Amino acid sequence: MNTKQLIYFLKTAELSSIAAAARELDIAQPSISLQLENLEHELGTSLFDRDYRGVRLTESGQLFRTHAESILRQVDQAKLDIRQSEEEPAGRLALGMTQPIGNVVSVPLLKLVEQRYPRIELDLFAGLSYNLSAQLLSGEIDLAISSPDGSDMKQLTREVLFREKLYLAMGVNPQVDSQKALRNRTQIAFAELTKHEVIVTGRQDSLGYLLRQYEQQTGIKVRQKPAFGQLMTTLRYVSDGYGMLLSPSSSFYHLEAMEQIHALEIIEPSMERDVYISTAANRPRSSLIRAVIPLIREVVRQEHLAGHWRGQLKAEG
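In this text, residue positions in the sequence shown follow this note's numbering: the first is -10, and each later residue adds one.
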């Protein structure tokens, strides 16, 4: 397998035609056909279904496309790293974050990267923690900010970034009778959560995993309601007074400032979780990663001092 084959494969997949790929790449069509056949032989599978209308990716081809794009991006970045070891970093960096972290970090980080490194293109992805780990390992993203979810982290290199406090977020004007007595309180004991239905992300995700650990530690079982997928939808449901969300302050600080969310700190025991910066252990850290990680730490520090992300900063290293 070589980069020429990957380029031919991706261009053919993009145009759904070997002839069109040959014209755009200015390569003889038989040369592309031969390289694609060699690639399929090496992989031991068909990447394209072929008929008189052109070609389309098979299921294996769709899977390989993601890897091919990642490999070529890493090759391009490796070339840039070598050329720019003494210059300003440049190129595309794919950064994945959970939705709550993205809510507090994304905008100030984008602004800071534009100011400090205008030649870096920051491409942001949002997802659940276990999805981000899979994207790191596949090469779809270069860097992730998330929390442990019980999955195997042996193939990841992690640096602790922050320890965040968890809260029970509710609407300022709750529509559920059991919530109304909490409007004037700032704390709630973990055992009291049994009196309410609490919105939590799934068991595979970090919050579901953490809650399960606390339940095992305390012997207390919490009634859970699944989140709605998109954080914005869940927060609308909560701010309208219909539900209560287990979450860090990064999710809701903007709604809290507008007096649409009331948050209670969870105590006895206090609920906290670590947040990590992660990279794939089998790939070297590029100049882009080395440039952006200190900016991430700077933004987290700023958002913590502003009271948007409440918890404890962690020292570098």
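In this text, a Cβ means the ideal position worked out from N, Cα and C, and glycines have one as well. Note that the coordinates shown come from a computational prediction; the quantities given were computed from them, not determined experimentally.
For residue i versus residue j, is the C-beta spacing smaller than 7 Å?
i: residue 155; j: residue 266; result: no
i: residue 237; j: residue 89; result: yes
i: residue 46; j: residue 2; result: yes
i: residue 268; j: residue 132; result: yes
i: residue 84; j: residue 284; result: no
i: residue 96; j: residue 298; result: no
i: residue 214; j: residue 188; result: yes
i: residue 123; j: residue 91; result: no
i: residue 59; j: residue 129; result: yes
i: residue 206; j: residue 119; result: no
How far does the beta strand (DSSP E) with residue i in it extend, from its first residue to its last?
i: residue 148; result: 145 to 160
i: residue 186; result: 186 to 189
i: residue 301; result: 300 to 302
i: residue 176; result: 176 to 178
i: residue 182; result: Looking at the DSSP string, residue 182 is not in any beta strand (DSSP E), and its letter there is neither H nor E.
i: residue 109; result: 109 to 115
Thinking just about the alpha-carbon of each residue, which of the options is nearest to the one in residue i?
i: residue 302; options: 150, 42 and 111; result: 150
i: residue 211; options: 293, 36 and 178; result: 178
i: residue 6; options: 44, -6 and -3; result: 44
i: residue 146; options: 287, -3, -5 and 278; result: 278
i: residue 79; options: 281, 56, 141 and 95; result: 281
i: residue 245; options: 162, 216 and 219; result: 162
i: residue 200; options: 235, 143, 173 and 148; result: 235
i: residue 240; options: 113, 67 and 159; result: 159
i: residue 18; options: -2, 203 and 34; result: -2
i: residue 216; options: 231, 15, 208 and 204; result: 231
i: residue 263; options: 16, 40, 139 and 35; result: 139
Which residues bound the alpha helix (DSSP H) around residue i?
i: residue 241; result: 238 to 246
i: residue 118; result: 118 to 127
i: residue 103; result: 88 to 105
i: residue 166; result: 166 to 169
If residue i and residue j are in contact, beta carbons under 8 Å, what's the gap, nearest whole angstrom?
i: residue 53; j: residue 23; result: The pair is not a contact, with the Cβ atoms about 18 Å apart (cut-off 8 Å).
i: residue 11; j: residue 21; result: 5 Å
i: residue 81; j: residue 110; result: 4 Å
i: residue 190; j: residue 253; result: Actually they do not touch by this definition, with Cβ atoms about 19 Å apart.
field: In chain order, each beta strand (DSSP E) run of at least 3 residues that lies wholly inside the region 254 to 298
entry: 261 to 269
message: Ignoring anything shorter than 4 residues, give me the alpha helix (DSSP H) runs that lie fully in the region -1 to 85, in order along the chain.
response: 7 to 14, 18 to 32 and 48 to 72
field: Contained alpha helix (DSSP H) runs [length at least 4] in the region 193 to 232, N- to C-terminal order
entry: 195 to 207 and 220 to 228
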